[in-house]
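Numbering (the numbering used here), first residue to last: 12 to 86. Cβ coordinates follow ideal geometry from the N, Cα and C atoms, glycine included. For clarity, every value in this text was computed on a predicted model and none was experimentally measured. Here the structure is laid out as structure tokens; the discussion comes afterwards.
Structural data, given as structure tokens:
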């Protein structure tokens with residue numbers, strides 16, 4: 012079975028980031044872009060931003076699962 016590492020590695024990284032944010036931190040990083048400090052941002056919990064949190068879970072799980080399956084040449 013041939014493995015496509017160009018898709019597998021980013022897919023696993025998406026799933027790892029999802030697990031870290033949901034299990035360890037309980038929040039997602041929301042960047043606040045400004046010209047003075049480009050690393051400014053905050054952790055957003057489900058209580059502070061439930062729609063943002065749900066969208067991030069859907070985004071990272073969807074992309075992670077798709078890229079992992081593509082990397083394993085299932086699709």
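Original post:
Between the region 13 to 24 and the region 63 to 70, do at least 3 Cβ pairs fall closer than 8 Å?
Top reply: Cβ pair count under 8 Å is below three, so no.
Subject >> Cβ separation of residue 75 and residue 26, assumed to be a contact under 8 Å, to the nearest whole Å >> reply: 4 Å
Subject >> Sheet register partners of residue 36 (DSSP bridge) >> reply: According to the DSSP secondary-structure assignment, residue 36 is paired through a beta bridge with no residue.
Original post:
Can you tell which of 18, 22, 71, 21 has the C-alpha that lies nearest to the C-alpha of residue 32?
Top reply: 71
Subject >> Opposing strand residues paired with residue 55 [DSSP bridges] >> reply: 39
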